[in-house]
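J.: Got a structure for you, written out below as structure tokens; questions coming shortly.
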Amino acid sequence: MSDRTHLVDEITGHRRMRRNRKADWTRRLVQENRLTVDDLIWPIFLVPGSGIVDPIEAMPGVNRMSVDKAVEAVREAADLGIPAIAPFPDVEMEKRDLTGSEILQRDNLINQFVRAAKKAAPDIGLITDVALDPFTSHGHDGILRDGEIVNDETVDMLIKAAVMQADAGADIIAPSDMMDGRIGAIRHGLDAAGHQDVGVMSYATKFSSGFYGPYREAINTGSLLKGNKNSYYISPANGTEALRDAELDVQEGADMLMVKPGIAYLDICWRMKEAFGLPTFAYQVSGEYTQIKAAAMNGWIDGDRIMMETLLCFKRAGCDGILSYFSVEVARKLAKG
Ligand code: PBG
């Protein structure tokens, strides 16, 4: 035995971590977390019209699709085994107003899509957002009056919109607006309308984040947005406040929780899963996707590798699944093995 080996044995007390890492088979045997296709929720962007597949500049590889094209994509996702889709509409500017009234049209873009997708691919889950931002002329998630986002009237609209989405065939309602009391109110509204089976996934801890930039380009709210969303989203500085917010959503009847954005908020994922034990999801948002794509396109990082690594890390952080724009790419990669 060399002196050096002697020294390391003395330091480690003969406990060497690398024994379990020495071969592919040991590494497979000791692997704690795995990413599978069952972990994926695929967010997609909708536009009015037909036959449209319109690339989003700030999100290479992601398109806005008209309902017919989106339904084709949904069928493909279902064939790949992706459990659920989360659609977001890019609504015509003429239809946006101060109160987001278009959200209460039975035949709005989101409801049209939900009806068509349910018919074409009945086995894939449809998780719809009920926030007002795609429908307002100011890009906020609520009714704007005298410079303020009015909580209770906004909640009133969200209840009605949620029931309409459920009527259209949505399986889970996912409010992303951060108004107070909306989870309980939506639960109540769904039950009163006979939608006991429709779940509520709360965007429980939604932070006021710069990572949403490309999404706002995708649904054309970025240029409209007056001011910021700091009076209703959570500050990135506050973890304990985020937990308290999520706790209220649990009490109000949320079936599932979400943390958004994802990778910079893994501590929140972990704390939420530990605290409540509810199915917990992370949203790897547009800016996270774009960072990886942009660096990969420049040849500066291995995009595929980092895509898989980030998603696996969400699992390690306690998440049951991830909303990710990479979902289809990942599902294809996983299918290849
Ligand atoms: C707003 C909403 C946002 C996202 C989905 N719904 C954020 C925002 O505009 O403030 C962001 C999703 C993403 O960035 O991928 N209701």
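Take the position in the sequence shown, starting the count at 1, then add 76; the result is the number in our numbering. Just so it is clear, CB atoms sit at the ideal spot from N, CA and C, and this is done for glycine as well.
#1: Quick check on this structure: which residue in Ile339, Lys369 and Trp376 has the alpha carbon closest to the alpha carbon of Ala393?
#2: Let me know if Ala250 comes out buried or exposed under the rule of 16 or more other beta-carbons within 10 Å of its beta-carbon.
#3: For the stretch 100–111 against the stretch 146–155, do three or more pairs of beta-carbon atoms, one drawn from each stretch, fall closer than 8 Å, so that the two count as touching?
#4: In the DSSP assignment, the alpha helix (DSSP H) including Arg172 goes from what residue to what residue?
#5: Note down, in chain order, each residue of its chain lying with its Cβ closer than 7 Å to the Cβ of Asn306, except the 5 sequence neighbours on either side.
#6: Between Glu86, Cys345, Gln181 and Arg151, which lies nearest to Cys389 when the distance is taken from Cα to Cα?
#7: As a quick exercise: from Met255, Asp166, Ile117 and Val361, pick the residue whose alpha carbon is nearest that of Tyr309.
#8: Just reading off the beta strand (DSSP E) that Glu224 is part of, what are its end residues?
#9: Judging by CA-CA distance, which residue of Leu410, Glu405, Leu399 and Ala411 is the nearest neighbour of Arg116?
#10: If you check the beta carbons only, do Gly298 and Asp247 fall under 7 Å apart?
#11: Under the three-state reduction of DSSP, which class applies to Leu399: helix, strand or coil?
#12: Indicate the three-state DSSP secondary structure (helix, strand or coil) for Gln272 in the structure shown.
#13: Measure the CB-CB distance between Ala134 and Thr386 and report whether it falls below 7 Å.
#14: Which residue spans inside the stretch 130–161 form an unbroken alpha helix (DSSP H) run of at least 4?
#15: If we call anything under 7 Å between Cβ atoms a contact, is Leu180 one with Ala237?
#16: Determine the direct distance from the alpha carbon of Asp155 to that of His90, and round the result to whole angstroms.
#17: If we ignore side chains and look at the alpha-carbon of each, how far apart do Asp228 and Ala268 end up?
#18: Which whole runs of the beta strand (DSSP E) in the stretch 81–138 are 3 residues long or more, in chain order?
#19: Residues bridged to Gly375 by DSSP?
#20: Starting from the C-beta of Gly329, find all residues in its chain whose C-beta is less than 7 Å away, skip the five residues before and the five after it, and write them out in chain order.
#21: Would you call the stretch 113–129 in contact with the stretch 371–378, where contact means no fewer than 3 C-beta pairs closer than 8 Å?
#22: Quick one: residues in its chain with C-beta nearer than 6 Å to the C-beta of Ser278, no 5 flanking neighbours on either side, listed in chain order?
T.: The relevant details are as follows:
#1: Ile339
#2: buried
#3: no
#4: Note, Arg172: premise wrong, no alpha helix (DSSP H); not H, not E.
#5: Ser284
#6: Cys345
#7: Met255
#8: Glu224 to Val226
#9: In the sequence on display, residue 116 carries Leu and not Arg. Here the closest residue by C-alpha is Leu399.
#10: no
#11: strand
#12: coil
#13: no
#14: 143–156
#15: yes
#16: 50 Å
#17: 19 Å
#18: 116–122 and 129–131
#19: DSSP, once it has assigned bridges, lists no residue as partnering Gly375.
#20: Ile259, Gly260, Arg263 and Val276
#21: no
#22: Ile259, Asp325, Ala330 and Leu333
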